[in-house]
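Scroll down for the structure; my scribbles are underneath it.
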Amino acid sequence: MKINLKSLLNPQIDRRGFLKSSALFSGAAAVTAGLTLPFKTTKVQASTLAESADKEKVVWSACTVNCGSRCPLKMHVENGEIKWVDTDNSGDDNYGEHQVRACLRGRSMRRRVYNPDRLKYPMKRIGKRGEGKFKRISWDEAFTDIAADITRIKKEYGNEAIYLNYGTGTLGGTVTKSWPPGGSLLARLMNLSGGYLNHYGDYSSAQIAAGLSHTYGGWANNNSPSDLENSKLIVQFGNNPAETRMSGGGVIHHFMEGKAKSNARLIVVDPRYTDTAGGREDQWIPIRPGTDTAFIAAMAHVMITENLVDQPFLDKYCVGYDEKTLPKSAPAKSDYKSYILGSGEDAVEKTPEWASKITGIPADIIIKAAREIGSTKPCAVIQGWGIQRTANGEIASRAVAMLSLLTGNVGINGGGSGAREGGSSIPFVRFPTLQNPVEASIPMFLWTDAIVRGPEMTAVKDGIRGKDKLDVPIKFIWNYAGNCIINQHSDINRTHDILQDEKACEMIVVIDNHMTSSAKYADIILPDLTTSEQSDFCMDASAGNMPYFIFASQVIKPQFEAKSIYDICTGLAEKLGVKEAFTEGRDQEGWLRHLYQLTRAQDPSLPEFEAMRKQGIYKRKVKDHFVAYQDFRNNPKANPLSTPSGKIEIYSEKLAELAETWDLAEDEVIHPLPVYAPTFEGWEDSKQGNYPLQLTGFHYKSRTHSTYGNVSLLQDAAPQEMWINPMDAQGRGINNGDLIRIFNDRGELHIAAKVTPRILPGVVALGEGAWYAPDGQKIDHGGCINVLTTQRPSPLAKGNPQHTNLVDVQLVNKV
Amino acid sequence: MKQYGFYIDSSKCTGCKTCQLSCKDNKDLDIGVNFRRVYEYAGGDWLKEGEIYRQSVYSYYLSIACNHCDQPACTKVCPSGAMHKREDGFVVVDEKTCIGCKYCSMACPYGAPQYNEEKGHMTKCDGCFERVEQGMQPVCVGSCPLRALEFGPIAQLREKYGTNADVAPLPSSLTTKPNIVIKQNRNARPTDDQSGHLANPKEV
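If you're matching them up, the sequences are chains A and B in order. Anchor point for the first sequence: position 539 equals 538 in numbering that gives the first Met the number 0, and the numbering is continuous, going up by one each time. Anchor point for the second sequence: position 151 equals 150 in numbering that gives the first Met the number 0, and the numbering is continuous, going up by one each time.
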């Protein structure tokens, strides 16, 4: 691979040699990746090459992956080939009008575009699913086969059997948008053809979306991170923007600049000593995964008993803090204060001593943190999505918000709600995807179950929405710009087994750039263009108070036979007899112009289309920081929340009702209050049984989920390794760099150990998203966490608890 | 004589390695050749008290390229004269003259000279002198998402930020007189520190 990449990227390749060899290769593209490199030795490229010989030009493009930031890239192109990747270098970089600087991944985009794994032409599976054996087919054959299958499956099972799988590889685009599923072009295509089975929730934030919405009503927002310039204290719960939203125009930049201005103190609560901490924190509080709710309850105990709570705020804005504001339907002593003080149902006082045993945090540290949070105003409490991606992340997400509520920090500058950072955006007219005639929707995490037992899945047991139960199992899967068929979905070995039955799910179509592990499970693969090979508007970054959007222009010609998602859907629409309705007579460029025209009609201050293409990025400095729930705070009667009560619901009647009516297992808890509840494979379970270590995933700078996971330079710069504390490593004979095995009943993987004090004893951590590389014995050598994660969903969201795992670790080889 | 240098703000650095990768993209470097390297220094102890833990953990990052030293160790040991200090103070290797003996790599306490297997000789950070001549910044500096790197005449940087160039795990600046100014991280340890360790030896 190294040699391939080198020859591919070598700038000194003789042009004449190129053109000569192109004749040789263009007729026989169906050879291995290595032989077809460099990519531009096809007939199509040859003419472009001659035209633009020796002329360097700079073209704006973008990185559209799912990190939550969004970065402009300035592609330096020579002879039709990207030579190097620069980023936004406009202006003088003053904060507030700053440059949006791409991270290490965006700067490595060239090696994603020219990657030996690129899919080159449509292919049909000839081996078993997962084996990676395919034969080349024509686009016409691919379109014909897919359309025939859609027609057949519609007839036999109905449109509910056709599923749009979760995929966020290009969620930052407009035409290319892959998520939410209803916003993608595949949705438009299917909506013109009878509809599709939808999903709700996502692998990023399923539990917080389902949980914290009961507290605040709808998606819970928080202040813009730029507003940290008004804070005196920042508390980060499981939030690590230095690796998750690390763009130089993203959350980390606003966090650093805001904090520098206010000189606010910083507390970081995380099992790992993160890169966001790294000397910027005043205190790191390491905590056992899944126990945040206990930590918060104990801090609430301190605040209540030491009179540090904002009682007027709780009385005026909240439901169920104490008995005064409990709804009529609630039993006596079912309020939060009674729960904390031990006068509630469980009769346990949530003292710091009680919590310290669960969380691993010394009681004196809990007391000190509670006093500091309770007496420092304004205080910004922010949670990442790490703690909610757990077996009861719904409750944990609501618990974190308790700190903001008890201290009355909601709706004010420098404070916040306890949710993840919010921000401002520039309204933009999106691609119309029309109405889905199918109303059923499943929790995205249960798609494998919907293959196996679709018709058994109900609203009260499995969270089916739109109807009481599914009528048919999933028979057809569209998988565009996503790696959740295998890599990013939990319990890979179970998924593998489910997909082996070709009579269960009958057709999987994967549309992507690279031969991902998910693509290996496809029945038909369609090669997609990278952002560099097409034009699009790119946006949806969490960007504080300086929102922006990017016009990514086509940088290079399409490689090999790859087509854009727009042209793919157009081709399919033709076979399905809905081409006119799909295109409305426009091509991709036509749609971009059309959507931008509509956007400018709303907001004439935006630059004209051609000017936008030239300037690449449009930034808007928003004068005021975004302050979540400010209107509600200022006038709660005039601006009620969308909760049933219109107030902030510490006690949720709706959750009380769901707890009563839903079918739940013994160890699954839905509760009207954010109470501490041990979960399956939690810390309590680690003390008995065969698996003594808690394993948590994290977002790693080397990748955005699995995207960029096949860029060898990034693998080298930030190698995949499992974090383990010296206390745990020592007894197992493991030194830094040793090869270890991580295993549980679900699977096993081998990877190097990073023995580091930067993680709590009893906990090990592995960056999610590494590419699954099984050896035929079901052992993964790529370090993909999902051979160890479970498909058992969380109780309320039916979401992915991918940070709740018990494992053990053993030495394989010394370095 | 003119002398450029780097300012490295370790208090801002999150170890993201954008500097390293943007350099590698611009200079077309492959695996194993890193003109800029990001050091992770970590330490601290854990104490178990029943079910709870206390700790004194710390870590910090430091991004180091070539420091274009006043007394470069690499030029002193170079038998071919390929490694030399330019008029503008940049230490560069004349790749046509270099015989690839790696003495410079062994001599440099910062690991700046990098052997390129394919080329069969040494390569290293040249301060992007061609860009600098055109009034631009080195690629790494303009790429930093944290704004933790600056570049300019070293005299100006020292006037602005002081003269510190010492922090673990770097060697004492007395050895080669590097043209860098380091703003220390709150967790910084001195050059002779024994409490912590280089936490990512494979990556540098």
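Built from N, CA and C at the ideal position, the CB exists for glycine as well. Please read these numbers as outputs of a predicted model, since none were measured by experiment.
Option in the options with minimal Cα separation from residue i
| i | options | result |
| --- | --- | --- |
| P546/A | K468/A, R702/A, K574/A and I425/A | I425/A |
| I286/A | R612/A, F236/A, F475/A and A418/A | F236/A |
| Y162/A | S711/A, K562/A, K636/A and V508/A | V508/A |
| D470/A | A610/A, S440/A and S333/A | S440/A |
| K466/A | A551/A, I450/A, P442/A and F475/A | P442/A |
| L227/A | A379/A, E652/A, G172/A and N220/A | A379/A |
| I491/A | T150/A, K777/A, G90/A and I81/A | K777/A |
| C62/A | C537/A, R493/A, A398/A and F679/A | C537/A |
| T803/A | Q687/A, R388/A, T642/A and A610/A | R388/A |
| C102/A | K16/B, I51/B and C127/B | K16/B |
| Y120/A | I372/A, D91/A and Q558/A | Q558/A |
| P240/A | S230/A, H253/A and K231/A | H253/A |
Buried or exposed (CB count within 10 angstroms, at least 16 for buried), residue i
| i | result |
| --- | --- |
| T660/A | exposed |
| I357/A | buried |
| L657/A | buried |
| E583/A | exposed |
| Q98/A | buried |
| S204/A | buried |
| R185/B | exposed |
| R35/B | buried |
| T96/B | exposed |
| S516/A | buried |
| L148/B | buried |
| E50/A | Residue confidence for E50/A is low, a pLDDT of 45 falling below 50, so the modelled location carries little weight; the figure read from the coordinates is stated next. It counts as exposed. |
| K323/A | exposed |
| A346/A | exposed |
| G88/B | buried |
Contacts around residue i, its chain only, beta-carbon distance under 6 Å, and the 5 residues preceding and following it disregarded
| i | result |
| --- | --- |
| R124/A | F133 and D522 |
| A369/A | M298, V301 and M302 |
| I266/A | V234 and Q282 |
| Y156/A | V471 and K474 |
Beta-carbon spacing of residue i, residue j below 8 Å
| i | j | result |
| --- | --- | --- |
| S531/A | R244/A | no |
| P377/A | N408/A | yes |
| E648/A | T167/A | no |
| I510/A | I564/A | yes |
| V806/A | L694/A | yes |
| K332/A | S342/A | yes |
| R187/A | T432/A | yes |
| E747/A | R740/A | yes |
| K336/A | Y320/A | yes |
| S21/B | V138/B | yes |
| T173/A | R429/A | yes |
Proximal residues to residue i (C-beta, below 8 Å), its chain only, five neighbours per side dropped
| i | result |
| --- | --- |
| N158/A | M189, S192, G193, G194, Y195, L196, P436 and V437 |
| K620/A | G95, E96, N544 and M545 |
| G171/A | A61, C62, T63, V64, N65, R69, C537, M538, D539 and A540 |
| V577/A | L188, L191 and S192 |
| I207/A | A219, Q382, W384, Q387, G392, E393, S396, A418 and R419 |
Collapsed DSSP secondary structure at residue i in the structure displayed
| i | result |
| --- | --- |
| Q714/A | helix |
| S517/A | coil |
| R244/A | coil |
| A141/A | helix |
| Q601/A | helix |
| P726/A | According to the sequence displayed, residue 726/A carries Met and not Pro. Helix. |
| D490/A | coil |
| S440/A | strand |
| E39/B | strand |
| A218/A | Note that residue 218/A corresponds to Trp in the displayed sequence, not to Ala. Here W218/A sits in coil by DSSP. |
| D511/A | strand |
| M456/A | coil |
| T695/A | strand |
Close-in-space but distant-in-sequence residues of the same chain around residue i (CB under 7 Å, 5 per side omitted)
| i | result |
| --- | --- |
| G645/A | P639 |
| Q809/A | R731, I739 and R740 |
| A848/A | Not covered by the structure: residue 848/A. The range shown for chain A is 0 to 814. |
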